[in-house]
Every structure is written in structure tokens, then in C-alpha cells.
Amino acid sequence: MLIKRPTDLTENDVTPRQSYLNRRQIMQAAGGLALAGLVPGAFATPPAAPHWLAQKVENTLFRSVSTEDGLTEKADVTSYNNFYEFGTGKDDPAKYADEFNPYPWQIEVGGLCDKPGTLDLESLVSARQTEERIYRLRCVEAWSMVIPWVGIELGTLLKQFEPRSSAKYVAFQTLFRPEEMRGQKSRFSFIDYPYVEGLRMDEAMHRLSFLAIGMYGEPLPNQNGAPIRLVVPWKYGFKSIKSIVKIEFVEEEPPTTWNLASAREYGFYSNVNPNVDHPRWSQANERRIGPNGNIERIPTAMFNGYTEVASLYEGMDLRKFF
Ligand SMILES: Nc1nc2c(c(=O)[nH]1)N[C@H]1C(S)=C(S)[C@@H](COP(=O)(O)O)O[C@H]1N2
Ligand SMILES: [Mo]
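The sequence shown stops at residue 324 when you use the working numbering, and every number in between is there.
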């Protein structure tokens, strides 16, 4: 893992947005247009991100964390998703997330802190320097991707609300808006809404915990959790909760969606761990969806390779606290 201290950050480390586009994506875009011409109205126009947001993401000049692993294609990251609010199929989010308009957006921050408040996305984002971080994302289903996110460190935002010492955990909540999120209307959904997640305070304050507002140099597509989502690269993907509307400092371990759905399969910690299998499949390997859409079977690394987080779990039995 290549990590730069904030003081080592240099300008223009970031890949220009255009170079993310490759031949495959350009061809797909052309194909999509042709098809849209044949089937009028089949493709909803995605709600456009506001100008200030697109500018902020595009003008991100610093890359603070990177990896030797090759990037997953943007076309794959935006078409193969888990976002149950739009359906349980991998292609449902790309199909239906355009029915959701994330703008304007506010986040309510409260609980055990001295400066609770409601932030609108614009003031949250404009006050801060954004950075690009290239992280591996390892889904509990044993596939993985490598994604260039743009956003801010979670801890720097949380500090602003002055959490009290009694705050031991941070709880997150996704938007509940069934009119625009068709999966939330489903009567036989395996999970309940709103989607909730949580981190222990020290995990949330770890410098790798990130809030993304963009990827591949552009604002987040809806299917990837627009306009703001968590990214915790050493944990299984479901901890990286999308489209966050609420953050709360709490004393007790907060309930989390997948743990509520099946406690024996999905623990609160859910650190990537090749030595602790899911009850129904092995976690020793993963299918890496890599450059050019190539899928490679590779061994899974402890903490998804982010071993610097190990000190957070010293003395803990990671089989028990899986
Ligand atoms: N609100 C919400 N957040 C969510 C999910 C979801 O269904 N709803 N799926 C999770 C899972 S299982 C994964 S693997 C990642 C996928 O993120 P991506 O689609 O941006 O790759 O989002 C996570 N965040
Ligand atoms: Mo996942």
C-alpha cells in the first residue's frame, strides 16, 4: 500500500479524468446511445450533479493513498453493484438508480457530541480539500474491485462535531425514500430499511476511513451511493454504507443491517479475513474484477491488505468478533 502523509502530498498526482476513459467504455457509451435511439425513453436521464460538486471533484489534485493493483474499469464499477434499495440483482442499481435524485442533500449529525448539527453537502464539501484514494473493495461475496475514490477523511469531518468521550461508536443511516428507491417498496426484501451501519470510534477515526463524493474524477453515480458514502477498505463491502443522511455518536454497538438479517453470517466487525469463512463459502480467495474486465482468482489478504489497522484489534479474538 502506498500511503502519503498529508505533508508529502504533491499537486497533480491525480490522473486526469479523461484518462480513465478507455476504448471499451467509449464503445459502450456509443452502443448505449444507439440503443437509446431505438428505444425512446428506455434510458432515464440521470439527475445531473450540481456544478459546484462536479468542479470540486474534478479539481481534486491530491492522491493520498494508492496501490500497485490495476484499476477496475469504470464501466464495471458502475454496472455491477450491490445497492438493495434499487433491487437485489447486480444490474438493478444501474437500471433503477436514475429514479433517485440526490440533490439537494443534507446530513444530520448528532448523538453524544457537543456540536450536533445538520450540514448540507455543499458546505460540507466546499470547506474541505478533497483527495483521491485508490482502494481495493472486497465484497463479502468474494469478488473485489480497485476503485479511485474522491472524498474526505471521515475522522476530520467527525471531529468537527466534537464527540464526547462517552461516544464509543458511530452509527450511519442511508436515505429512506421508497418513491425513488424501488427496492425499499419490496414486501419480501431480505433486509430492512433504512440501511444502517456502524463503526467503533477508533475505526471511524482511523485515517483510512473515508467518505467518498466521487470516483474516476466525477461525482458518484447514484448506483455507487451518491452523493456521499462511506468507504472502509479493510472491511467487507457492506460496511461501506451508501447515500448517508444521518450520523450519530452512540455509546453502545449500533445495530447493522446485514447483522440484523443474519447474525451468524455477518458480524459487526466484518474485517476482511481469509481465515474466517462465511458459513456458506470460503473467504480464502476472491475474484478480482480487474483492468479490461479480466477476472482473476487471487488469494484474499488479511484486512484486505491494509495491515496497518491490525493494532485496532490487538487482543481481540477475530473468530469471535468476525
Ligand atoms: N445503503 C446501502 N449501502 C450499501 C449496500 C446496500 O445494499 N445499501 N451494499 C453494500 C455492499 S454489499 C457492497 S459490496 C458495496 C458495493 O459498493 P459499489 O456498488 O460502489 O461497488 O456497497 C455497500 N453499501
Ligand atoms: Mo458486498
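Cβ coordinates follow ideal geometry from the N, Cα and C atoms, glycine included. Note that this is a predicted model, so its numbers are computed, not measured.
Range of the contiguous beta strand (DSSP E) that encloses residue i
| i | result |
| --- | --- |
| ALA173 | 171 to 176 |
| GLU143 | Where GLU143 is concerned, there is no enclosing beta strand (DSSP E), given that its DSSP letter is neither H nor E. |
| ASP122 | 119 to 122 |
| GLN162 | From DSSP, GLN162 is part of no beta strand (DSSP E); its letter is neither H nor E. |
| PRO180 | Taken as a continuous stretch (DSSP letters only), PRO180 belongs to no beta strand (DSSP E), as it is neither H nor E. |
| PRO301 | 297 to 301 |
| ALA214 | 212 to 217 |
| LYS248 | 246 to 252 |
| ASN287 | 287 to 291 |
Residue i, buried or exposed, once every other Cβ within 10 Å from all chains shown has been counted against 16
| i | result |
| --- | --- |
| ALA129 | exposed |
| ARG290 | buried |
| MET318 | exposed |
| PHE163 | buried |
| ALA263 | exposed |
| LYS322 | exposed |
| ALA36 | The pLDDT assigned to ALA36 is 39, lower than 50, so where the model puts this residue is not dependable; a value taken from the coordinates is nonetheless given after this. Exposed: under 16 other Cβ atoms inside 10 Å. |
| GLU87 | buried |
| GLN175 | buried |
| LYS117 | exposed |
| LEU40 | Low confidence applies here, because LEU40 scores a pLDDT of 39, under 50, leaving its location unreliable and the question unanswered by this model. |
| ILE136 | buried |
| GLY43 | For GLY43, the pLDDT reaches just 37, beneath the cut-off of 50, and the residue's location in the model is therefore unreliable, leaving the point undetermined. |
| LYS161 | exposed |
| ALA31 | At ALA31, the pLDDT of 43 sits below 50, so the modelled position is not reliable; the number obtained from the coordinates is stated separately. So ALA31 counts as exposed. |
| VAL311 | buried |
| TRP107 | buried |
| ASN294 | exposed |
| ALA169 | buried |
| SER66 | buried |
| VAL16 | buried |
| PRO95 | buried |
| HIS53 | exposed |
| ILE249 | buried |
| TRP151 | buried |
| GLU354 | The structure shown has nothing for residue 354, since the chain only spans 3 to 324. |
| SER146 | buried |
Cross-strand partners of residue i (DSSP beta bridge)
| i | result |
| --- | --- |
| TYR137 | ILE149 |
| LEU232 | LEU213 |
| ARG65 | GLU134 |
| GLY112 | GLU250 |
| GLY200 | ALA173 |
| PRO221 | GLY216 |
| LYS237 | ASN273 |
| TRP283 | HIS280 |
| GLU70 | GLU70 pairs with nothing; no bridge assigned. |
| GLU255 | GLU255 is not bridged to any residue. |
| GLU155 | PHE212 |
Anticipated Cβ contact below 8 Å, residue i with residue j, distance rounded
| i | j | result |
| --- | --- | --- |
| ASN273 | LEU222 | 24 Å between Cβ atoms; not a contact. |
| TYR197 | ILE243 | 6 Å |
| TYR308 | PRO235 | 6 Å |
| PRO63 | LEU156 | In the sequence as displayed, the identity of residue 63 is Leu instead of Pro. Rounded, the Cβ-Cβ distance is 21 Å, inconsistent with contact. |
| ARG184 | GLY89 | 7 Å |
| PRO256 | GLU267 | Rounded, the Cβ-Cβ distance is 18 Å, inconsistent with contact. |
Opening and closing residue of the alpha helix (DSSP H) in which residue i lies
| i | result |
| --- | --- |
| VAL79 | 76 to 79 |
| SER272 | Premise fails: SER272 is in no alpha helix (DSSP H) and is neither H nor E. |
| ALA206 | 203 to 207 |
| VAL16 | Note, VAL16: premise wrong, no alpha helix (DSSP H); not H, not E. |
| GLU60 | 53 to 60 |
| LEU314 | First-last for LEU314: undefined, no H or E at that position. |
| THR259 | 259 to 263 |
| ASP94 | 94 to 98 |
C-beta contact flag for residue i and residue j at 9 Å
| i | j | result |
| --- | --- | --- |
| LEU201 | TYR238 | no |
| LEU114 | GLU205 | no |
| ILE230 | SER245 | yes |
| PHE240 | ASN275 | no |
| GLU134 | GLY219 | yes |
| LEU177 | LEU126 | no |
| PHE270 | THR258 | yes |
| TYR82 | ASP93 | yes |
| PHE85 | GLN186 | no |
| THR132 | GLY153 | yes |
| ALA51 | TYR105 | yes |
Any non-hydrogen atom of ligand 3 closer than 8 Å to residue i Cβ
| i | result |
| --- | --- |
| PHE240 | Ligand 3 is absent from the structure shown, which contains only ligand 1 and ligand 2. |
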